[in-house]
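Sequential numbering of the sequence shown, starting at 137, is according to this note's numbering.
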Amino acid sequence: MKEEPVIWMFSGQGSQYYQMGRDLYEQNPIFRQSMDHCSSFLKPLIGASLCEVIYQQNEDRFAPFDHTLYTHPAICSIQYSMAQTLLQQGFRPDYLLGYSVGEVAAHIMAGVFSLEEGLKLLVKQASLLETHSSKGSMMAILASPEMVENDPEMFQGTWIAARNFETHFIIVGAVETISLLHGKLVAKQINSQKLPVSHAFHSPLMDPIKEVFKTYLSRIPIAEPTIPTISATYGQRVEKTDPDFLWETTRSPIDFKKAIEALEAQNDYLYLDIGPSGTLATFVKYILRPTSTSETLSTITPFGNVQKNLDKLSC
Numbered sequence: 137m138k139e140e141p142v143i144w145m146f147s148g149q150g151s152q153y154y155q156m157g158r159d160l161y162e163q164n165p166i167f168r169q170s171m172d173h174c175s176s177f178l179k180p181l182i183g184a185s186l187c188e189v190i191y192q193q194n195e196d197r198f199a200p201f202d203h204t205l206y207t208h209p210a211i212c213s214i215q216y217s218m219a220q221t222l223l224q225q226g227f228r229p230d231y232l233l234g235y236s237v238g239e240v241a242a243h244i245m246a247g248v249f250s251l252e253e254g255l256k257l258l259v260k261q262a263s264l265l266e267t268h269s270s271k272g273s274m275m276a277i278l279a280s281p282e283m284v285e286n287d288p289e290m291f292q293g294t295w296i297a298a299r300n301f302e303t304h305f306i307i308v309g310a311v312e313t314i315s316l317l318h319g320k321l322v323a324k325q326i327n328s329q330k331l332p333v334s335h336a337f338h339s340p341l342m343d344p345i346k347e348v349f350k351t352y353l354s355r356i357p358i359a360e361p362t363i364p365t366i367s368a369t370y371g372q373r374v375e376k377t378d379p380d381f382l383w384e385t386t387r388s389p390i391d392f393k394k395a396i397e398a399l400e401a402q403n404d405y406l407y408l409d410i411g412p413s414g415t416l417a418t419f420v421k422y423i424l425r426p427t428s429t430s431e432t433l434s435t436i437t438p439f440g441n442v443q444k445n446l447d448k449l450s451c
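Here you go:
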């Protein structure tokens, strides 16, 4: 790989699945130790072994993995463990980029708060959503987000949760509303896919937990980041982490496209996707200009090949 600045990207809800990182868990001692540590810490908080939940033999990787109490800390734990594996092998990031739940993982790696505080934060949020918020749904649409403005009647009762690239955005709403919208999109032959989530993140449907969650956030010890961190929610570098910022990374819409375009205006990079699905690396490929010399690389994917991907990083 060329000597360009390296950005580690941490993904959020929708990137998770059963068996994610299983080959690493079985073959890499650093990854396994990190996952086991997270699982041990989380067990009294979630009432289950996280590793047993993720790697249970009777669950196919394509089965819906959408219980937020498990998926929130699972997404963070997988990415923390992948990051520890990379660090042990001598790789270092120049920047960190967080997307949704991935903002918590990025902040852990930047030293803003500890792993344990980050995991507790995610479990607290998941618990509050279970008790204070109604169920919701999220759906990826392979089209321009301008279609929402052009056909407000079809999208009534929904919100744009993320703009990922020119022809890919996430819409959220009540479960029934998104199901009806999905049917309308199928009729119009517009590709869409529901995400494995149980709540409508990055929308007003999160508001019932706002005050109690921000009160919780105000008690977390927060330090200055030791690594420059970019927020996909704000589309720019994080200048200050406080309860308001952390709340907005859950409540406000994501503008991943804006974040990458701002980075590309400054330099070329190696974008390394730390997440379990390689989704962010794919998004970046669609954003890069034809003249860009930036590169993208995934680590974990649903199809394995982790070591092969790491070997590419070493080249």
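Glycine is no exception: its CB is placed at the ideal position from the N, C-alpha and C atoms.
If you look at PHE146, you'll find it in the beta strand (DSSP E) that goes 142-146.
Residue PRO281 holds the alpha-carbon nearest to the alpha-carbon of ILE296 among GLU431, PRO281 and SER334.
In this chain, ALA276 is not harboured by any alpha helix (DSSP H); it is covered by the beta strand (DSSP E) spanning 273-277.
Distance from PHE392 to ALA241 at the Cβ level is roughly 16 Å; contact not present, criterion being Cβ atoms closer than 8 Å. Distance check between TYR235 and each of HIS338, GLY183, LEU257 and HIS173 places HIS338 closest, using alpha-carbon atoms only.
Collapsing the DSSP output to three states places ASN300 in a strand.
Given a length threshold of 3 residues, each whole run of the beta strand (DSSP E) inside the region 327-359 is given here in chain order: 328-330. For the options MET171, GLU312 and PHE305, the alpha carbon positioned closest to that of SER270 is the one of GLU312. With fewer than 16 neighbouring CB atoms inside 10 Å of its own CB, ASN327 falls in the exposed class. Using a C-beta cut-off of 8 Å, the region 177-191 makes contact with the region 153-169, since at least three inter-stretch Cβ pairs fall below that distance. Cβ-Cβ distances below 6 Å link ALA368 to TYR235, ILE390, PHE392 and ALA395 in the same chain, with the five nearest sequence neighbours on each side left out; the list follows chain order.
In this structure, GLY148 and GLY238 form a Cβ contact; the two beta carbons are roughly 5 Å apart against a cut-off of 8 Å. It is roughly 13 Å from the alpha-carbon of GLU347 to the alpha-carbon of ARG355.
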